[in-house]
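To convert, note that position 648 of the sequence shown is 650 in this note's numbering; the numbers rise steadily by one, no gaps.
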Amino acid sequence: MDAGAVLDALGSDGHGLLGPEAADRLARVGPNALRSSEVRPLAVLGQQLRSALLALLFVTAVLSFLVGERADSLIIAAILAASVGLGFANEYRAALASQALHSQIRHRATVRRDGAACTLDVTELVPGDVVELAVGAVVPADLRLLEAVALECDESVLTGESLPAAKQTAAVAAGTAFAECTSCLFMGTIVHSGSAVAVVVATGGRTEFGRIALGLGDREPETQFQAGLRDFSALLAKVAAALTAAIFVVNLVLHRPLLDALLFSLAIAVGITPQLLPAIVSTSLAIGSRRLAARKVLVKRLVCIEDLGDVDVLFTDKTGTLTEGRISFTGAIDEHGRDAPDVFELGLICNEASVEGDAAVSGNPLDLALWEAPRPAGADAFAACDRFATLPFDHDGRLSTVLVQRGEQRLIVCKGAPESVLARCRAVSDSAHATLDAAFRDGTRVVAVATRLAPPTLDTLTPDDERDLELAGFLCFLDAPKASARGSLERLRGLGITVKIVTGDNGLVAEKVCHELGVTVDGTLNGPDIDALSDAELLAVCTHTTVFARVTPDQKSRIITVHRTAGRDVAFLGDGVNDAVALHHADVGISVEGATDVARDAADIVLLENDLGVLADGVVEGRRIFTNTIKYVLMGTSSNFGNMFSAAAASAFLKFLPMLPSQILLNNLLYDTSQLAIPSDHVDPEELARPSHWDVAFIRQFMMFFGPISSLFDFATFGVLIGVFHAHAHLFRSGWFIESLATQTLVIFVIRTKRRAWRSRPSGALIAAAVAVVAVGAVLPVSPLHHAFGFATPSLKLYLVIAGMVVVYLALVEAMKHRFFARHQSDNRVRRRTRTQRVHRLASRWSHRGALVPSARAATVPGPVAPSS
């Protein structure tokens, strides 16, 4: 079916729909969206229930109920309710906050309505709308082509093919294989090169992409933080399985009742796991998301907050981040640096901005800035020429070309990155190179313009026509450094984050901006030189490179990937269509509200204010959350491991169980309840000053170091209870219950900081929660409920002895803590020194072999500025 037939079938024409007709169709077919963003409580609750730990708790509760251990069953039910309830409440609140922020982000499209071009939200598109597409646009619906110029689309989201697919109108593609598919554009694909006018044939869930997406649902990749949690859970599972199996076998060998042995073993398995870890994590993330929301930061995936705290290298473009992002035209000059109004006119002739009347409604920033600049007297470029053909801008060639009739001359006008244009000129004078170099050193963005007379019969263009050009001159633009950027960069440096610039601009321009913002440029590496290096060589060079200039999208991704393979946690801040792949490859992809649709879709975090200071706030929040989460993990694993190991050992030589299953579970319920205040705890400034990373080996070392200390005091308690107080089973369990609850609860005030405990102030909520739980544990054995839980009433003397042992235990942990961290820091220094020496040896080896090891001067030569950067 040709374009005319498609338009007739849709009740439209090349001028688009009228407003009332479009509104009526929108009411009938609904918004152009795949699914509602409304948060559904049942869906959030379902996410909370998908947990192996919760399944273990549930099975244990059912078994306890079936065998008549109602107290055990009720305690486990309380743990389940607390974990699921807290997780649900926080996830639901966070989802509502995320939904509110998502509603502030809009995707726009250029649409012909009422005979004129305008920009609309893509959700308002209906079948029959006529849309205009340029390089970098995300196809907003399923479309049929009406007009196409050198059009190629990246359809990897649907087909998995990495190479872009060429597109043509049905009339051009007629008679070829796959003619129908060639003239169709599909929602979610990206315009790789060229331009087009197309009509909407399907929207929302009726598109090809919509049918696939709605069938598969959302499947998000695992973050570094989630991977750390998974590895940590695997460690706990192994420890729990080993202890449970050993305890069960020991109790059977001692001829204990099978049911008692089973329940005791299950209680140990539950006891060694930090049951409320999901609640702690979700509470921390919810608090963090609310704080960031107040600062205009949209976190599309909550777990990315903690990954943001891990970042130690930030790659960013300069436009709009380090600069104001308001590009202004400053002048047109010839090859000698003199004013050249004719170059300005040629720039307007070769301009891809969509124009209605006297206003440009869309286009790349440089073309818009040129169009909006004051024109020389008498200049009316468009009225003075007829355009026959166009080769639109693409990111590979970095130029655009038009064929026009200007008076008696048929002229080819080429405009784009200086290096690309100059390479197609017949001869370029030394004066032109000097003028270009001076402009770059002043921080000016430059676009070159060149022309060639064409045969009078020529009415089409191919890339082969972009040759034998005569340089006309240069168009100069300025994007001033952002006033707030200097302070933001200093703050990021203070947080231990290395900021590197990745730009399609010339290296000298990027260096000029860095100099004005106080950024020390250790080295500059150009895109062509990157291709000459292997990954190992690139890694060695990258360690002392600050600016990566004239880079292609693939080179951006390679730079980021190389850094990640070296163990660095990398964030990438980008806003253009050529940043999408790099955003995907980074540990944390960051974009801004004014970015292209494809960049915002690819990002994990969207800054609703384009300010690096806001990003620094996000980094601090991520580190605060991670640090508080690790506090719980370290304390819980070491204390739980020590107590459960003590219980396992005691069960081997005592004639009775050292603690009943219900008492173990009650102990853990009270203990975990006290830790719910950890997300609100203060964090020492030095913990926020550097990135933090999951280290399961460190957690295992911590558990194996401090767990035995806890067990040592448990065994001392056993000795006192049996040897001094001659405790029977009920009194023994009461005494150990009080001691174990107090030690594992109060040790948080030692574990929570690497400082001396009294030099770090905990939050009031944490103090209140810990003191309250210890008080409840101490009162339970003398309360009316003591019979229900199998406790006996301890004497005052026993209370005093236990209190003294708790104080000695905390003092010992405080002393051993500094020994442990000192040894750990020493090991880290050795590992870092060894890694640094390896990188330096590699860099030295390749510099002696002639590989490029750039400096700020040697690696920066005049080169191209991508018009869309």
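Note that the Cβ used here is the ideal one computed from N, Cα and C, for glycine as well.
If you drop the 5 nearest sequence neighbours on each side, which residues of the same chain put their C-beta closer than 7 Å to that of residue i?
{"i": "ALA588", "result": "ILE562, VAL572, ALA573 and PHE574"}
{"i": "SER640", "result": "PHE704, MET705, PHE708, GLY709 and SER712"}
{"i": "LEU413", "result": "VAL406, THR453, LEU455 and ALA456"}
{"i": "PRO43", "result": "TYR94"}
{"i": "MET874", "result": "Only positions 3 to 871 of the chain appear in this structure, which leaves residue 874 out of reach."}
{"i": "GLY591", "result": "PHE574, LEU585, ALA604, ALA605 and ASP606"}
{"i": "GLY445", "result": "VAL511, LYS514 and VAL515"}
Starting from the C-beta of residue i, find all residues in its chain whose C-beta is less than 8 Å away, skip the five residues before and the five after it, and write them out in chain order.
{"i": "SER593", "result": "LEU575, GLY576, ASP577, ASP581, LEU585, ALA601, ARG602, ALA604, ALA605, ILE607, VAL608 and LEU609"}
{"i": "ARG702", "result": "LEU237"}
{"i": "ALA718", "result": "MET807"}
{"i": "MET818", "result": "PHE707, PHE708 and ILE711"}
Does the distance from the C-beta atom of residue i to that of residue j stay below 9 Å?
{"i": "LEU127", "j": "VAL202", "result": "yes"}
{"i": "PRO796", "j": "PRO783", "result": "yes"}
{"i": "GLU149", "j": "VAL199", "result": "yes"}
{"i": "THR507", "j": "ARG560", "result": "As written in the sequence, residue 507 is Asp, which differs from the Thr given in the question. For ASP507 and ARG560, no; Cβs fall outside 9 Å."}
{"i": "CYS478", "j": "THR325", "result": "no"}
{"i": "GLY620", "j": "VAL299", "result": "yes"}
{"i": "ILE249", "j": "SER742", "result": "no"}
{"i": "ILE78", "j": "LEU814", "result": "no"}
{"i": "GLY18", "j": "VAL113", "result": "yes"}
{"i": "LEU1", "j": "LEU372", "result": "There is no way to answer for residue 1, as the model of the chain reaches only from 3 to 871."}
{"i": "LEU348", "j": "VAL423", "result": "no"}
{"i": "ALA334", "j": "VAL345", "result": "yes"}
{"i": "THR747", "j": "PHE715", "result": "no"}
{"i": "CYS416", "j": "GLU468", "result": "yes"}
{"i": "SER648", "j": "ALA771", "result": "no"}
Between the alpha carbons of residue i and residue j, how many angstroms are there, rounded?
{"i": "VAL451", "j": "VAL132", "result": "32 Å"}
{"i": "GLY21", "j": "ASP116", "result": "6 Å"}
{"i": "PHE476", "j": "THR548", "result": "28 Å"}
{"i": "ALA295", "j": "VAL313", "result": "20 Å"}
{"i": "ARG754", "j": "GLU816", "result": "11 Å"}
{"i": "PHE442", "j": "PHE550", "result": "15 Å"}
{"i": "LEU28", "j": "ALA534", "result": "53 Å"}
{"i": "ALA385", "j": "ARG408", "result": "Reliability of the predicted coordinates at ALA385 is poor, the pLDDT of 49 falling under 50, and no value is obtained from them."}
{"i": "VAL809", "j": "LYS484", "result": "55 Å"}
{"i": "ALA11", "j": "SER185", "result": "16 Å"}
{"i": "LEU287", "j": "LEU304", "result": "6 Å"}
Which residue wins for smallest C-alpha separation from residue i, given the options the options?
{"i": "LEU491", "options": "THR505, PRO483, LEU519 and LEU510", "result": "LEU519"}
{"i": "THR209", "options": "ALA143, ASN645 and ALA551", "result": "ALA143"}
{"i": "ALA482", "options": "LEU65, LEU463 and GLY327", "result": "GLY327"}
{"i": "ARG447", "options": "SER433, ARG469, VAL815 and VAL515", "result": "VAL515"}
{"i": "THR567", "options": "LEU540, VAL553, PHE442 and GLY591", "result": "LEU540"}
{"i": "VAL140", "options": "GLY130, ASP156 and LEU147", "result": "ASP156"}
{"i": "ASP537", "options": "GLU513, VAL521 and HIS565", "result": "HIS565"}
{"i": "LEU614", "options": "PRO681, VAL501, THR545 and GLY638", "result": "VAL501"}
{"i": "SER66", "options": "ILE769, ARG825, SER664 and PHE751", "result": "SER664"}
{"i": "LEU672", "options": "VAL773, SER486 and CYS120", "result": "VAL773"}
{"i": "PHE822", "options": "VAL752, SER197, GLY766 and ILE769", "result": "VAL752"}
{"i": "MET189", "options": "ASP15, ILE680 and ALA111", "result": "ALA111"}
{"i": "GLU688", "options": "ALA650, LEU497 and ARG763", "result": "LEU497"}
{"i": "ASP4", "options": "MET818, GLN170, GLU134 and ALA91", "result": "GLN170"}
{"i": "ARG570", "options": "LEU798, ASP396 and LEU310", "result": "LEU310"}
{"i": "ALA73", "options": "ALA790, ARG303, ASP388 and GLY207", "result": "ALA790"}
{"i": "LEU147", "options": "VAL685, LEU268 and LEU9", "result": "LEU9"}
{"i": "VAL504", "options": "PRO555, THR545, ARG488 and PRO458", "result": "PRO555"}
{"i": "ALA84", "options": "THR121, LEU51 and LEU527", "result": "LEU51"}
Using C-beta distances below 6 Å, list every residue in its chain close to residue i, excluding the 5 sequence neighbours before and after it, in chain order.
{"i": "GLY339", "result": "THR437"}
{"i": "ASP461", "result": "PHE390"}
{"i": "ALA136", "result": "SER197"}
{"i": "ARG493", "result": "ALA618"}
{"i": "PRO33", "result": "THR125"}
{"i": "LEU802", "result": "none"}
{"i": "VAL776", "result": "ALA744 and THR747"}
{"i": "SER765", "result": "SER682, ASP683 and HIS684"}
Is there at least one non-hydrogen atom of the ligand GTP closer than 8 Å to the beta-carbon of residue i?
{"i": "GLY596", "result": "Only the bare structure without any ligand can be found here, which leaves the ligand GTP out of the picture."}
Looking at C-beta atoms only, is the number of pairs between the stretch 321 to 332 and the stretch 628 to 642 that lie closer than 8 Å three or more?
no
Check whether the stretch 652 to 660 touches the stretch 746 to 759, counting contact only when three or more Cβ pairs, one atom from each stretch, lie closer than 8 Å.
no
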